[in-house]
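Below is one structure; the comments refer to it alone.
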Amino acid sequence: MRVISFCTRFHAPTNRLSLFRRSHHKLIPPSSSSCFRNNNCSVMSGHNKMEQFDLSSNTVIDHPPALTDKITLTRDAGPSKFQVIADFDGTLTRYRVNGIRGQSSHGILQQGNADYDAKREALYEHYHPLEFSPLIPLHDKTKLMEQWWSKTHDLLIEGGLTCDAIKESVASSSIAFRDGVVELFEFLEEKDIPVLIFSAGLADVIEEVLRQKLHRTFKNVKIVSNRMVFDNDGRLVSFKGKLIHVLNKNEHALDMAAPLHDNLGIDIGVEDEENAYVKQRTNVLLLGDHLGDLRMSDGLNYESRVSIGFLNDNVEKSLESYREAFDIVYLNDAPMWGALELVSQLFPTEAS
Ligand SMILES: [Mg+2]
1 MRVISFCTRF HAPTNRLSLF RRSHHKLIPP SSSSCFRNNN CSVMSGHNKM EQFDLSSNTV
61 IDHPPALTDK ITLTRDAGPS KFQVIADFDG TLTRYRVNGI RGQSSHGILQ QGNADYDAKR
121 EALYEHYHPL EFSPLIPLHD KTKLMEQWWS KTHDLLIEGG LTCDAIKESV ASSSIAFRDG
181 VVELFEFLEE KDIPVLIFSA GLADVIEEVL RQKLHRTFKN VKIVSNRMVF DNDGRLVSFK
241 GKLIHVLNKN EHALDMAAPL HDNLGIDIGV EDEENAYVKQ RTNVLLLGDH LGDLRMSDGL
301 NYESRVSIGF LNDNVEKSLE SYREAFDIVY LNDAPMWGAL ELVSQLFPTE AS
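Quick note: the sequence shown, position 176, residue 176 per this note's numbering, numbers continuous.
So this is what it looks like as structure tokens:
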């Protein structure tokens, strides 16, 4: 296994990013040994608890020269041409929390009605094995996934899901973001670089997770997922737009990137203007934890794409395919510091 160090020593959270800015005014290609001399990343958690993660020995880059070329192209085009596309579960969030498997945004919802929670669980038991069955053709599987998502959404409405139930579900969940996600979002926000989070889950739940677990929202972060509509009493009444399930979530990259009406000369609304704005950003940093996440950039007609894959589990079994597919692979539920360092090198902030 070829492991390449990709790390600089980090310090306390209050000055982590400023240290970045002071020390990374030049792009340092990943193949440069000077960048990767240190063996450990020392990071401070949000609770002032020192954690150690050996990022250098958990980083795999199969083709450093190709990555360097992409980085150079992206840097030269500037931040106005750049965007980040990220999967949510297992990518922005940790795979394990306190040593056990963390929850996903799909799995945390308790709608305050035990009967309906049980009905949704029964759907999961029925459809989840079908999702991974190698015997079902894709066309048929897509129909099954549509059924599953559609029935689940109906149960959420019938069961009277409320905004308060979402807040309580998130508060009692064991979802946690990777260390460095806040700093990554802050850095990108400061540079006006958009982050699109793609998920087949529920946008309202993900936004609540961001609010409660990161304690803030970001104006540059947009969730592309199933969006709920609530009545004045805070009760779910319907869902907006097209159903996004596990097998079609990547098609929505195209929706985001290519407004349906602009080529027809019809006035575009605010949302379409946002889509056009995203479409102009042809250099992409893609973050995912499954090979299928690479398709999130489909339809964007990108010029350059740097892909980071988080290989959280079954490293021996999956490393070969991940290292071929992603430009950078982080192993063993690694923190987000590598991605932060990468964007800091791409678009450094000059010291004042
Ligand atoms: Mg994922």
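Even for Gly, the Cβ is constructed at its ideal location relative to N, Cα and C.
All figures in this text were calculated on a predicted structure; none of them were measured in a lab.
Classify residue i as helix, strand or coil using the three-state DSSP reduction.
i, result
"Lys279", "helix"
"Phe88", "coil"
"Gly288", "strand"
"Tyr95", "coil"
"Ala77", "helix"
"Tyr322", "helix"
"Ser23", "The pLDDT assigned to Ser23 is 35, lower than 50, so where the model puts this residue is not dependable, and the model offers no usable value."
"Ile193", "coil"
"Gly378", "The question about residue 378 has no answer, for the chain in this structure spans 1 to 352."
"Arg227", "strand"
"Arg178", "coil"
"Ala200", "strand"
"Phe53", "strand"
"Ser104", "coil"
"Leu260", "Low confidence applies here, because Leu260 scores a pLDDT of 37, under 50, leaving its location unreliable; read the following figure in that light. Leu260 falls in the coil class under three-state DSSP."
"Leu311", "strand"
"Arg305", "strand"
"Val170", "helix"
"Thr59", "strand"
"Lys219", "coil"
"Ser133", "coil"
"Lys240", "strand"
"Val343", "helix"
With distances taken between CB atoms, is the gap from residue i to residue j smaller than 8 Å?
i, j, result
"Val224", "Val170", "no"
"Leu311", "Tyr322", "yes"
"Pro335", "Arg281", "no"
"Asn248", "Thr91", "no"
"Arg94", "Arg211", "no"
"Val306", "Thr68", "no"
"Ser297", "Val284", "yes"
"Glu131", "Met145", "yes"
"His106", "Phe239", "no"
"Asp204", "Met228", "yes"
"Leu243", "Ser104", "no"
"Asp333", "Arg120", "no"
"Glu189", "Asn220", "yes"
Nearer than 7 Å: is that true of the beta carbon of residue i relative to any heavy atom of ligand 1?
i, result
"His290", "yes"
"Gly309", "no"
"Gly102", "no"
"Gly90", "yes"
"Asp87", "yes"
Taking just the CA atoms, how far does residue j sit from residue i?
i, j, result
"Tyr116", "Gly160", "9 Å"
"Lys70", "Gly180", "23 Å"
"Glu324", "Leu196", "24 Å"
"Pro65", "Gly338", "18 Å"
"Phe218", "His126", "37 Å"
"Arg101", "Gly201", "18 Å"
"Leu214", "Glu168", "16 Å"
"Trp148", "Ser199", "16 Å"
"Glu341", "Phe187", "10 Å"
"Gln83", "Pro137", "34 Å"
"Leu331", "Asp233", "45 Å"
"Ala86", "Thr59", "19 Å"
"Asp164", "Leu236", "11 Å"
"His290", "Gly309", "7 Å"
"Gln111", "Ala122", "15 Å"
"Ser173", "Ile108", "6 Å"
"Thr72", "Gly288", "22 Å"
"Glu183", "Ser344", "11 Å"
"Tyr124", "Ile206", "20 Å"
"Leu346", "Asn226", "32 Å"
"Ser353", "Asp327", "Coverage of the chain is limited to positions 1 through 352, which leaves residue 353 absent and any answer about it impossible."
"Arg295", "Leu286", "10 Å"
"His128", "Asp89", "16 Å"
"Ala118", "Leu156", "12 Å"
"Gly241", "Asn113", "26 Å"
"Lys81", "Pro348", "15 Å"
"Asp293", "Leu319", "16 Å"
"Lys279", "Gly299", "9 Å"
"His63", "Leu135", "35 Å"
"Glu350", "Asp313", "38 Å"
Can you find a CB in chain C that lies within less than 8 Å of the CB of residue i?
i, result
"Ala165", "The chain labelled as chain C is not found in the depicted structure, where only one protein chain is given."
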